[in-house]
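Protein chains in written order, with the working numbering: chain A, 347 to 840; chain B, 264 to 413.
Some notes on the structure that comes next.
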Amino acid sequence: MADRGSGLRHRVGMAIIELQETGQGELTDTRAATSRTSTLAEPSNPVTRLRRPKRARAESSDVTALCLFVLVVTIGLWWQHGGVTAIMDGGTDRLRAFGQLTGLIAALASLGAIILTARPAFLERAYGFDRLLVAHRWIGITTVVFVVAHSVIGTLAWAALAQLSVTSGLVDLLANEAWMVAALVSTTLFVIIGLSSYRRVKNALAYETWYFLHLTGYLAVLLGFGHQLTLGSDFLVDRIARWWWIGLAVATLAIVLWSRIGVIVRSLGRRVYVTAVSGEATGIGSIHVNGPSLRRVRISGGQFFIIRPLAKGLWWQAHPFSVSAAPTTAGIRFTIKELGDDTPNLLNVKPGTRVLLEGPYGVFTADRAAGSPIVLIAGGVGIAPIRAILEDCGPEQQPILIVRLRHEGDFAHRAEIEDLIRTRGGQLHLIVGPREWFAARDPFSVQSLTTMIPDITGRHAFICGPASLESAVVKGLRKAGMQSSSIHLERFGV
Amino acid sequence: MGTLARRLAPAAALGGLAIAIVGLLDPALAAGRSPAGDDMTAMAPTDTAAQQGAASTATCDTAETVMGPIVTTRWGPVQVAATIAGDTLCEAHAVVWPTGERQSRQISTYAVPELDAQATQQGVILDGVSGATYTTDGYRESLQQLLDSL
Numbered sequence: 347m348a349d350r351g352s353g354l355r356h357r358v359g360m361a362i363i364e365l366q367e368t369g370q371g372e373l374t375d376t377r378a379a380t381s382r383t384s385t386l387a388e389p390s391n392p393v394t395r396l397r398r399p400k401r402a403r404a405e406s407s408d409v410t411a412l413c414l415f416v417l418v419v420t421i422g423l424w425w426q427h428g429g430v431t432a433i434m435d436g437g438t439d440r441l442r443a444f445g446q447l448t449g450l451i452a453a454l455a456s457l458g459a460i461i462l463t464a465r466p467a468f469l470e471r472a473y474g475f476d477r478l479l480v481a482h483r484w485i486g487i488t489t490v491v492f493v494v495a496h497s498v499i500g501t502l503a504w505a506a507l508a509q510l511s512v513t514s515g516l517v518d519l520l521a522n523e524a525w526m527v528a529a530l531v532s533t534t535l536f537v538i539i540g541l542s543s544y545r546r547v548k549n550a551l552a553y554e555t556w557y558f559l560h561l562t563g564y565l566a567v568l569l570g571f572g573h574q575l576t577l578g579s580d581f582l583v584d585r586i587a588r589w590w591w592i593g594l595a596v597a598t599l600a601i602v603l604w605s606r607i608g609v610i611v612r613s614l615g616r617r618v619y620v621t622a623v624s625g626e627a628t629g630i631g632s633i634h635v636n637g638p639s640l641r642r643v644r645i646s647g648g649q650f651f652i653i654r655p656l657a658k659g660l661w662w663q664a665h666p667f668s669v670s671a672a673p674t675t676a677g678i679r680f681t682i683k684e685l686g687d688d689t690p691n692l693l694n695v696k697p698g699t700r701v702l703l704e705g706p707y708g709v710f711t712a713d714r715a716a717g718s719p720i721v722l723i724a725g726g727v728g729i730a731p732i733r734a735i736l737e738d739c740g741p742e743q744q745p746i747l748i749v750r751l752r753h754e755g756d757f758a759h760r761a762e763i764e765d766l767i768r769t770r771g772g773q774l775h776l777i778v779g780p781r782e783w784f785a786a787r788d789p790f791s792v793q794s795l796t797t798m799i800p801d802i803t804g805r806h807a808f809i810c811g812p813a814s815l816e817s818a819v820v821k822g823l824r825k826a827g828m829q830s831s832s833i834h835l836e837r838f839g840v
Numbered sequence: 264m265g266t267l268a269r270r271l272a273p274a275a276a277l278g279g280l281a282i283a284i285v286g287l288l289d290p291a292l293a294a295g296r297s298p299a300g301d302d303m304t305a306m307a308p309t310d311t312a313a314q315q316g317a318a319s320t321a322t323c324d325t326a327e328t329v330m331g332p333i334v335t336t337r338w339g340p341v342q343v344a345a346t347i348a349g350d351t352l353c354e355a356h357a358v359v360w361p362t363g364e365r366q367s368r369q370i371s372t373y374a375v376p377e378l379d380a381q382a383t384q385q386g387v388i389l390d391g392v393s394g395a396t397y398t399t400d401g402y403r404e405s406l407q408q409l410l411d412s413l
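So this is what it looks like as structure tokens:
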């Protein structure tokens with residue numbers, strides 16, 4: 347039943363293309379056409395589901411062990427070179443030892459941050475893009491804090507050792523020591539990147555303005571590297587330490603080049619086109635895409651792609667969009683919300699437009715419940731991945747779906763979802779109304795949750811929606827006794 | 264200006280400015296253009312045994328050892344001794360180097376042998392050792408004064 351449902355939509359997609367090509371009518375507002383109104387044409391090939399992704403390549407314990415190893419070796423070198431002794435002894439040597447330690451941590455953190463944001467497959471498959479970004483944020487903050495601390499302590503230590511005032515110490519460093527101007531510029535870049543990522547500043551900037559500024563982080567890491575080798579006494583004196591440090595930098599460069607350039611090459615190699623655009627609910631629409639190379643993509647419902655439409659004014663903007671139906675050889679459907687930005691609307695993209703697809707990303711997939719009963723909780727357009735997960739689960743999982751909406755008209759794919767719930771013997775709970783209505787009675791309090799989900803502790807929960815909804819739901823579920831390992835979130839802003 | 268250009272501009276300006284500042288002001292990149300570099304080439308290069316070839320190395324067997332003056336640098340004193348045969352520098356080696364505190368000791372252990380090797384090969388116009396700027400300067404000065412005193 348479910349498969350017929352998705353096949354049906356894609357045939358509608360092809361029908362729209364035909365209309366355009368024969369010029370029988372310009373479908374300027376395809377959003378008005380819903381999936382269920384058109385007549386159908388038989389597809390030439392049987393529609394089959396696309397293969398699912400391979401299992402995670404890295405265990406999180408392996409990654410933790412590797413990170414600890416790098417940290418312990420690096421700090422160990424500093425210790426062995428007398429860092430701890432210098433701190434114990436006091437005096438100006440203590441200041442310099444602290445300067446070195448903060449510098450080592452700052453440099454390691456900066457490498458970690460760019461590895462995380464490069465989202466190499468071995469990490470993405472294990473953790474999911476959203477968690478990598480959360481980790482990137484924290485490690486990024488660590489980098490900025492330690493870079494600033496290192497700059498201040500390092501300058502103070504230099505001035506104290508040279509018996510100069512702080513200002514002349516700084517001037518002396520910049521004027522006489524190789525790569526110190528570069529290091530100061532690097533610090534400045536790190537601070538600007540940090541400030542521009544502070545939520546209030548970030549929200550005030552257009553996404554791409556912030557993104558391009560953030561890219562100067564690569565330059566910051568590069569400019570900071572020189573002085574580590576010319577002035578960092580841990581690497582000047584000890585040949586092994588020097589090669590260890592160069593090795594870390596080269597390994598990072600290799601990972602970043604491999605996964606970033608690999609992604610570009612792969613997405614350029616995939617010929618994928620928009621086959622249809624349809625309206626689903628107020629401000630929400632679907633983009634259907636298909637292409638010959640999609641058949642080889644391994645993907646699960648609930649994952650997302652980063653989409654770049656190759657159309658005038660759109661090609662330089664990339665957006666993460668969730669797959670909202672079981673992906674088949676007939677194509678992939680993304681359900682998206684109109685952007686409140688001043689950028690051209692993606693739902694106006696014309697069928698036939700080529701799109702670059704990067705992904706799939708994410709570990710928000712039904713297989714994480716391992717066949718256990720599930721509860722799905724969606725807010726707003728968060729319904730998109732939840733709809734795809736619902737389609738991937740069986741009747742034995744007795745799905746309970748809770749949908750939180752401001753208005754009933756915001757419910758995208760309602761008819762499909764009601765069908766899917768019916769065929770799986772599941773239940774649907776709708777919580778509709780503006781936030782103020784629920785000020786007195788929290789819809790995700792333990793009482794309301796246990797009323798809707800009587801067997802709550804035996805279930806896995808999948809939650810996707812605005813951050814405020816996700817945190818409220820997680821709080822309620824944890825209080826109701828659900829284990830955190832059974833709670834799955836897609837934190838990526840949908 | 265298009266939307267893309269408008270959003271790219273701050274980052275492009277920042278990146279361009281960063282590269283320009285480093286390219287113009289950083290000692291690592293500005294060294295080739297700096298007046299200090301010109302001063303060095305202006306000094307009369309002293310022939311070293313290596314430059315003169317095998318013919319003159321024979322005379323190094325009968326070379327005399329000359330001590331340079333002690334030059335005080337920020338991190339401590341530097342003094343160079345050299346074996347000289349006629350006007351040929353056969354070998355240079357530091358006899359005093361900064362040992363004041365931990366980092367100086369660490370740096371001296373790798374910088375001093377490197378400076379000795381460079382001085383023996385290149386004479387006063389030695390490349391220097393990165394991370395040991397002051398020791399390099401002190402070494403150059405002591406060696407220069409030693410050669411001047413001949």
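Glycine included, C-beta positions come from ideal geometry on N, C-alpha and C.
Under 9 Å, Cβ to Cβ, is there at least one residue of chain B near residue i?
| i | result |
| --- | --- |
| VAL531 (chain A) | yes |
| ASN336 (chain A) | Chain A is shown only over 347 to 840; residue 336 (chain A) falls outside these bounds and no answer can be derived. |
| LEU535 (chain A) | yes |
| HIS496 (chain A) | no |
| GLY353 (chain A) | Low per-residue confidence applies at GLY353 (chain A): pLDDT is 32, beneath 50, and the placement is therefore not dependable enough to give any value. |
| ALA508 (chain A) | yes |
| GLU405 (chain A) | no |
| MET434 (chain A) | no |
| HIS314 (chain A) | The structure shown has nothing for residue 314 (chain A), since chain A only spans 347 to 840. |
Assuming contact is defined by CB atoms lying nearer than 9 Å, are residue i and residue j in contact in what I supplied?
| i | j | result |
| --- | --- | --- |
| ALA528 (chain A) | GLY570 (chain A) | yes |
| GLY772 (chain A) | ILE746 (chain A) | yes |
| VAL567 (chain A) | ILE460 (chain A) | yes |
| PRO706 (chain A) | VAL623 (chain A) | no |
| ILE282 (chain B) | LEU565 (chain A) | yes |
| THR335 (chain B) | SER371 (chain B) | no |
| GLY648 (chain A) | ALA734 (chain A) | yes |
| ALA274 (chain B) | LEU530 (chain A) | no |
| ILE499 (chain A) | GLY445 (chain A) | yes |
| THR555 (chain A) | ARG269 (chain B) | yes |
| LEU751 (chain A) | ILE763 (chain A) | no |
| VAL343 (chain B) | LEU409 (chain B) | yes |
| LEU507 (chain A) | ARG442 (chain A) | yes |
| PRO655 (chain A) | VAL695 (chain A) | yes |
| PRO731 (chain A) | PHE650 (chain A) | yes |
| LEU640 (chain A) | VAL611 (chain A) | no |
| ILE645 (chain A) | LEU396 (chain A) | yes |
Any beta carbon of chain A sitting closer than 9 Å to that of residue i?
| i | result |
| --- | --- |
| ASP289 (chain B) | yes |
| TYR429 (chain B) | Chain B is shown only over 264 to 413; residue 429 (chain B) falls outside these bounds and no answer can be derived. |
| TRP338 (chain B) | yes |
| THR362 (chain B) | no |
| VAL334 (chain B) | no |
| ALA395 (chain B) | yes |
| THR398 (chain B) | no |
| LEU410 (chain B) | no |
| THR322 (chain B) | no |
| THR351 (chain B) | no |
| LEU267 (chain B) | yes |
| ILE347 (chain B) | no |
Query - Touch test, the region 732 to 743 of chain A against the region 424 to 436 of chain A, Cβ-Cβ under 8 Å, three pairs minimum - result: no
Report task. Name, going along the chain, the residues of the region 367 to 392 of chain B whose beta-carbon falls closer than 7 Å to a beta-carbon of chain A. Result -> GLN369, ILE370, THR372, TYR373
Query raised in the report: Relative to chain B, which residues along the region 553 to 585 of chain A have a C-beta separation below 7 Å, given in chain order?
Result: GLU554, THR555, PHE558, LEU559, LEU561, THR562, LEU565, LEU569, GLY572, THR576, LEU577, SER579, LEU582, VAL583
Requested in this report: Determine which residues of the region 640 to 667 of chain A have a Cβ less than 8 Å from any Cβ of chain B, and write them out in chain order.
Outcome: Only GLY659, TRP662 from the region 640 to 667 of chain A bring a Cβ to less than 8 Å from some Cβ of chain B.
Query - the region 824 to 834 of chain A contacting the region 536 to 552 of chain A, beta-carbon criterion three pairs below 8 Å - result: no
Query raised in the report: Mind listing which residues of the region 271 to 284 of chain B have their C-beta closer than 7 Å to chain A's C-betas, in chain order?
Result: Correct list: LEU271, PRO273, ALA274, LEU277, GLY278, ALA281, ILE284.
Query raised in the report: Does the count of Cβ pairs from the region 650 to 667 of chain A and the region 718 to 725 of chain A closer than 8 Å reach three?
Result: no
Report task. Would you list, in chain order, the members of the region 516 to 530 of chain A that have their beta-carbon closer than 8 Å to a beta-carbon of chain B? Result -> LEU520, ALA521, ASN522, GLU523, ALA524, TRP525, MET526, VAL527, ALA528
Query raised in the report: What are the residues of the region 538 to 549 of chain A that lie near chain B, defined by any Cβ-Cβ distance shorter than 8 Å?
Result: ILE538
Query raised in the report: How do the region 376 to 396 of chain B and the region 601 to 617 of chain A stand: do at least 3 beta-carbon pairs fall below 8 Å, yes or no?
Result: No, because fewer than three Cβ pairs between the region 376 to 396 of chain B and the region 601 to 617 of chain A fall closer than 8 Å, the two stretches do not touch.
Query raised in the report: Within the chosen definition, does the region 505 to 524 of chain A reach the region 457 to 471 of chain A through at least 3 CB pairs nearer than 8 Å?
Result: no
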